[in-house]
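Written out below as structure tokens is the structure these notes cover.
Protein chains: 2
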Amino acid sequence: MRATIKDIARLAGVSTQTVSNVVNDRPVVGEATRRKVLEACRALSYTPNASARGLVTGSRKVIGLVVPHIGNPAYGDLIATLARIAGAAGYSVVVGDTGWNPEPERTLLSSLIRQSVDGVILASCNDHGSLQMLRDAGVPTVLLYNYFDGCDADLFRIDNFGAFRMVTRHLIALGHRRIGFVRGLMSTVVRTREDGWRSAMTEAGLDVGEDLVSVSTFDQNGGHAAVTALLAQAERPTAVVCTSDIMACGAMDAAADLGLDVPRDLAVTGFDDIFVAAMRRVRLTSLRYDRARLAQQAFDRLLQIVGTPPGHFPGPRQSVALPCELVVRASCGSPAGQDTAATRIRTPKEVARP
Amino acid sequence: MRATIKDIARLAGVSTQTVSNVVNDRPVVGEATRRKVLEACRALSYTPNASARGLVTGSRKVIGLVVPHIGNPAYGDLIATLARIAGAAGYSVVVGDTGWNPEPERTLLSSLIRQSVDGVILASCNDHGSLQMLRDAGVPTVLLYNYFDGCDADLFRIDNFGAFRMVTRHLIALGHRRIGFVRGLMSTVVRTREDGWRSAMTEAGLDVGEDLVSVSTFDQNGGHAAVTALLAQAERPTAVVCTSDIMACGAMDAAADLGLDVPRDLAVTGFDDIFVAAMRRVRLTSLRYDRARLAQQAFDRLLQIVGTPPGHFPGPRQSVALPCELVVRASCGSPAGQDTAATRIRTPKEVARP
DNA sequence: TTGAAAGCGCTAACAG
DNA sequence: CTGTTAGCGCTTTCAA
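Chains as they are written, first to last, in the working numbering: chain A, -6 to 347; chain B, -6 to 347.
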């Protein structure tokens, strides 16, 4: 059996309280006693029981992080960053992968609630139900990336509209007239991105018919399927804007499978700027944002809420939309993208409404 | 404040024990009582306190998973799979990213120990110290992928030697004579892979001088740097075997930056068969294995140990080496890799010594 | 500066 | 089938 605080107290000849004080680095213990206790801890290889501590303090020092697809390096990087940040603050991170589906999300959340996590960073939330579950359970929550219409939670996201308007405008400036929009299943984020695409298209007087929008799953296979469908039309688009880099990877493959050259026959753009996009063989034009910063902001805010006693005011609700940078590479056919070095184009600076 | 079992008991007019029985689905409660209790739970949106339960039962229903690099899709997929498997068994997964460094690993492990996780799956262990920490703390542990010489823990790994001998043999059969080996920092796994490469080379009477081995970090940048160094030699290798796909991605970039064509001027192979390898633009020859299976086996064994009362025998130590499949694509210059469909070559079947 | 006592919310063992 | 009692290991009063 594992040693308890009592065992240490007995061995060191002090009370359990003193042991607790030493273990928690409370500066109220004499140096000699302190040394004795530490010695006893080492001898019995004592580890405090997290459940017992959590029971008293009311905090488990664990947060949940729910993402749609861990295998996507964009989310992988996010998890790594968040785990590091949280770790530095003494928190562990429990992860869950929803695969973009609502049912696994509910299952995951109820599991996190059952685990009594201190808070949740929800990066895969597309409807009210999930958020409501957390609220009912009284679990502090912040939303990351994904959200839904009329959601009134703290939110840390990308400027989706601006980003997709920017990339679409760029393609239009390059002379494209039929520009497809490739997206995953509908959500507020996806719709906002589509709005950005549509905004750029209509301001240029271009067609935004439904035949230019292709829907599929949010991974390579989805991108492949969506673009294959798009290219099966009589009047093919000459460019496609994809809602993620991994969809764009599938899109490039789809073009290749049809014997089309990217960018000559089809310009392709992505989103997230994962490492694959920068590969010389790929050279995918993408949209970049500061993932680490977004993660940091979301975590800071979560901690702020977690640290607020119930009934008190945890400060004003935060809603941040981080700007994107257009990283122009060869896949969009821009002259600027032909060099080895990518060209960057920035959006207006960060939008934060308190 | 959150409702407790007592609140429910009072509201439902039963004892706390009955509430506990209902909440834990113990089939010893009358239907009427059961219904009343459930009703009260809903009314007060009751969630059991995991710390309190954990304190009594001695289990937090959490396992730790420590990997070297979450941003690598190979590990991302692993995490997703493991999170799903563990979730189905009622366990949450706390993740940590070591970045291949020993110090973060120690920090992470001590954090997991402090959190009193039920067990740890350690996929980034390269020395005895880390394992010893967990042992001292009495935390059940299984090793995944990475291990060290003379390690006596349960181990679920790849047949590294066979895999790298196989891919090297393949390159030799294609006529290559100078074949470089690109690896991350030294570890037992890396050394075993190098042994596989060396075995194939020496059996063919080929040079295995140190100038053919290039060392760097385990990511794209590392692959780029290592291959750039390799290609700076007077007598350039005509092929490089990389120890991961993301290193191989960097390797391909390095070749491109030097104006070399892959595979004409340099054949490149990777390991893990991540989605990038299959991209038409990339077509990276790689080594594939059943990640999901490895994850399942590791988790099953961990659960077996966790479920064994202290002092009892948790069954024989397991040591599994899963075989790899060579996935031949264009990057190695094999005629078989020129089609769109990849060719697969298998290694001898699974090696398991109990 | 240290010790004693109470109790966090729950489950296990028993008694009814 | 249900209620009572005890106690998990720790922190938090409060006294000494």
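For every residue, glycine included, the Cβ atom is placed at its ideal position computed from N, Cα and C. Just so you know, these numbers come straight off a predicted model, no measurement behind them.
Report task. Please name the residues in the segment 137 to 158 of chain B whose beta-carbon is closer than 9 Å to at least one beta-carbon of chain A, in chain order. Result -> Answer in chain order: no residues at all.
Requested in this report: Give the straight-line distance between the Cα atoms of residue 157 of chain A and residue 316 of chain A, rounded to the nearest whole angstrom.
Outcome: The residue given as residue 157 of chain A occupies position 164 in the first sequence. The residue given as residue 316 of chain A occupies position 323 in the first sequence. Inter-residue distance for residue 157 of chain A and residue 316 of chain A is about 11 Å (C-alpha atoms, whole angstroms).
Requested in this report: Closer than 7 Å by C-beta to residue 13 of chain B: which residues in its own chain qualify, once you throw out the five before and the five after it? Chain order, please.
Outcome: As a working note, residue 13 of chain B is residue 20 in the second sequence. The residues are -2.
Query raised in the report: Hey, out of A/303, A/206, A/238, whose CA is closest to residue 213 of chain A's CA?
Result: Along the first sequence, one-based indexing puts residue 213 of chain A at 220. If we check each option's Cα against that of residue 213 of chain A, A/238 comes out closest.
Requested in this report: Please check if any C-beta of chain A sits within less than 7 Å of the C-beta of residue 108 of chain B.
Outcome: As a position in the second sequence, residue 108 of chain B is number 115, starting the count at 1. Yes - at least one Cβ of chain A is within 7 Å of the one on residue 108 of chain B.
Query raised in the report: Taking C-alpha atoms, which residue in A/74, A/232, A/256 lies nearest to residue 190 of chain A?
Result: Mapped onto the first sequence, residue 190 of chain A falls at position 197. Residue 190 of chain A has its Cα closest to that of A/232, out of A/74, A/232, A/256.
Query raised in the report: Quick one: does residue 181 of chain A have its CB under 7 Å from some CB of chain B?
Result: Position 188 of the first sequence holds residue 181 of chain A. Chain B has no Cβ within less than 7 Å of the Cβ of residue 181 of chain A.
Report task. Kindly indicate the opening and closing residues of the beta strand (DSSP E) around residue 228 of chain B. Result -> Against the second sequence, residue 228 of chain B aligns to sequence position 235. In the DSSP assignment, residue 228 of chain B falls outside any beta strand (DSSP E) and carries neither an H nor an E.
Report task. Determine the DSSP secondary structure at residue 123 of chain A, reduced to helix, strand or coil. Result -> Your numbering for residue 123 of chain A matches position 130 in the first sequence. Residue 123 of chain A sits in a helix when the DSSP states are folded into three classes.
Report task. Go through its chain and collect everything with a Cβ distance to residue 86 of chain B's Cβ below 8 Å, but skip five positions before and after it. Result -> For the purposes of this step, residue 86 of chain B is taken as the residue at position 93 of the second sequence. Excluding sequence positions up to five before and after residue 86 of chain B, its CB lies within less than 8 Å of the CB of 55, 56, 57, 58, 72, 75, 76, 79, 80, all in the same chain and listed in chain order.
Query - Any 3 or more C-beta pairs closer than 8 Å across the segment 316 to 331 of chain A and the segment 287 to 305 of chain A - result: Segments in contact, no.
Requested in this report: With 7 Å as the threshold, decide whether the Cβ of residue 347 of chain B is near any Cβ in chain A.
Outcome: Taking the second sequence and counting its residues from 1, the one referred to as residue 347 of chain B is at position 354. With a pLDDT of only 36 at residue 347 of chain B, under the threshold of 50, the placement of this residue in the model should not be trusted; the figure read from the coordinates follows. By this cut-off, residue 347 of chain B is not an interface position.
**Report entry** Residue span of the alpha helix (DSSP H) that contains residue 63 of chain B, given as start and end
**Finding:** For the purposes of this step, residue 63 of chain B is identified with residue 70 of the second sequence, where counting begins at 1. Boundaries for residue 63 of chain B: no alpha helix (DSSP H) harbours it, and the DSSP string shows neither H nor E there.
Query raised in the report: Among residues of its own chain, excluding the 5 on either side of residue 97 of chain A, which ones have a beta-carbon nearer than 6 Å to its beta-carbon?
Result: The count along the first sequence starts at 1 and reaches residue 97 of chain A at position 104. Result list for residue 97 of chain A: 91, in chain order.
Query raised in the report: Does any CB atom of chain B fall closer than 7 Å to the CB of residue 70 of chain A?
Result: Locating residue 70 of chain A in the first sequence gives position 77, counting from the first residue. Yes, residue 70 of chain A counts as interfacial toward chain B.
**Report entry** Span of the alpha helix (DSSP H) around residue 298 of chain A
**Finding:** Residue mapping note: residue 298 of chain A aligns to position 305 of the first sequence, counting from 1. 284 to 299 is the span of the alpha helix (DSSP H), which, as asked, contains residue 298 of chain A.
Requested in this report: Please list the residues of the segment 231 to 247 of chain A that have a C-beta atom closer than 8 Å to any C-beta atom in chain B, keeping them in chain order.
Outcome: The residues in question are 239, 242, 245, 246.
Requested in this report: Anything in chain A within Cβ reach of residue 213 of chain B, meaning under 7 Å, just list it in chain order.
Outcome: For this step, residue 213 of chain B is matched to residue 220 along the second sequence. Near residue 213 of chain B (Cβ distances below 7 Å), the residues of chain A are 268.
Query - Minimum Cβ-Cβ distance from residue 30 of chain A to chain B less than 7 Å - result: Stepping through the first sequence from its first residue, residue 30 of chain A is reached at position 37. By this cut-off, residue 30 of chain A is not an interface position.
Requested in this report: Since I believe residue 205 of chain A is in contact with residue 230 of chain A (beta carbons under 8 Å), could you give me their beta-carbon distance rounded to a whole number of angstroms?
Outcome: Position 237 of the first sequence, counted from the start, is the residue given in the question as residue 230 of chain A. Position 212 of the first sequence, counted from the start, is the residue given in the question as residue 205 of chain A. Here residue 230 of chain A really is in contact with residue 205 of chain A; their C-beta atoms are around 6 Å apart, less than 8 Å.
Query raised in the report: Roughly how many whole angstroms lie between the Cα atoms of residue 223 of chain A and residue 131 of chain B?
Result: Position 230 of the first sequence holds residue 223 of chain A. Position 138 of the second sequence holds residue 131 of chain B. About 57 Å.
Query raised in the report: What whole-angstrom Cβ distance do residue 177 of chain A and residue 221 of chain A have, given they're in contact under 8 Å?
Result: Position 184 of the first sequence, counted from the first residue, corresponds to residue 177 of chain A. Position 228 of the first sequence, counted from the first residue, corresponds to residue 221 of chain A. About 16 Å separates the CB atoms of residue 177 of chain A and residue 221 of chain A; that is not less than 8 Å, and the two are not in contact.
Report task. Would you identify the three-state DSSP class for residue 145 of chain B, choosing helix, strand or coil? Result -> Taking the first residue of the second sequence as position 1, residue 145 of chain B is located at position 152. DSSP places residue 145 of chain B in coil when its eight states are reduced to three.
Query raised in the report: Does any C-beta atom of chain A lie closer than 7 Å to the C-beta of residue 249 of chain B?
Result: In the second sequence, residue 249 of chain B corresponds to position 256, counting from 1. Yes, residue 249 of chain B counts as interfacial toward chain A.
Query raised in the report: CA-CA distance, residue 269 of chain A and residue 275 of chain B?
Result: The count along the first sequence starts at 1 and reaches residue 269 of chain A at position 276. The count along the second sequence starts at 1 and reaches residue 275 of chain B at position 282. Just so you know, the alpha carbons of residue 269 of chain A and residue 275 of chain B end up roughly 10 Å apart.
Query raised in the report: Residues of chain B with CB under 8 Å from residue 66 of chain A, in chain order?
Result: For the purposes of this step, residue 66 of chain A is identified with residue 73 of the first sequence, where counting begins at 1. 64, 65, 66, 69, listed in chain order.
Report task. Use the C-beta contact count for residue 53 of chain A: other C-beta atoms within 10 angstroms, 16 or more gives buried, fewer gives exposed. Result -> Position 60 of the first sequence holds residue 53 of chain A. Buried, since its Cβ has 16 or more Cβ neighbours within 10 Å.
Query raised in the report: Which stretch, first to last residue, makes up the beta strand (DSSP E) that contains residue 90 of chain A?
Result: On the first sequence, residue 90 of chain A is found 97 positions in, with the first residue counted as 1. Segment 85 to 90, the beta strand (DSSP E) holding residue 90 of chain A.
**Report entry** For residue 172 of chain A, the first and last residue of its enclosing beta strand (DSSP E)
**Finding:** In the first sequence, counting from the first residue as 1, residue 172 of chain A sits at position 179. Bounds of the beta strand (DSSP E) holding residue 172 of chain A are 172 to 176.
Requested in this report: Output yes if chain B places a C-beta closer than 7 Å to the C-beta of residue 12 of chain A; else output no.
Outcome: Position 19 of the first sequence, counting from 1, holds the residue named residue 12 of chain A. Interface annotation, residue 12 of chain A: not in contact with chain B, CB-CB separation never under 7 Å.
Requested in this report: Put residue 53 of chain A into one of helix, strand or coil per three-state DSSP.
Outcome: Taking the first residue of the first sequence as position 1, residue 53 of chain A is located at position 60. Correct three-state label for residue 53 of chain A: coil.
Query raised in the report: On the premise that residue 151 of chain B lies in contact with residue 126 of chain B, defined as a C-beta separation below 8 Å, what is that separation, rounded to the nearest angstrom?
Result: To locate residue 126 of chain B, count along the second sequence from 1; it is residue 133. To locate residue 151 of chain B, count along the second sequence from 1; it is residue 158. 25 Å between Cβ atoms; not a contact.
Query raised in the report: Would the beta-carbon of residue 193 of chain A fall within 7 Å of that of residue 236 of chain A?
Result: As a position in the first sequence, residue 193 of chain A is number 200, starting the count at 1. As a position in the first sequence, residue 236 of chain A is number 243, starting the count at 1. It is not a contact, given that the beta carbons lie outside the stated cut-off.
Query raised in the report: Would residue 11 of chain A be called buried (16 or more neighbouring beta carbons within 10 Å of its own) or exposed?
Result: Locating residue 11 of chain A in the first sequence gives position 18, counting from the first residue. Label assigned to residue 11 of chain A: buried.
Query - Interface residues of chain B facing residue 48 of chain A [CB-CB closer than 9 Å] - result: Position 55 of the first sequence holds residue 48 of chain A. The contacting residues are 42, 44, 45, 47, 48.
Report task. Report the option in B/110, B/82, B/140, B/51 whose CA atom is closest to the CA atom of residue 95 of chain B. Result -> The residue you call residue 95 of chain B lines up with position 102 of the second sequence. Of the candidates B/110, B/82, B/140, B/51, the one whose C-alpha sits nearest the C-alpha of residue 95 of chain B is B/140.
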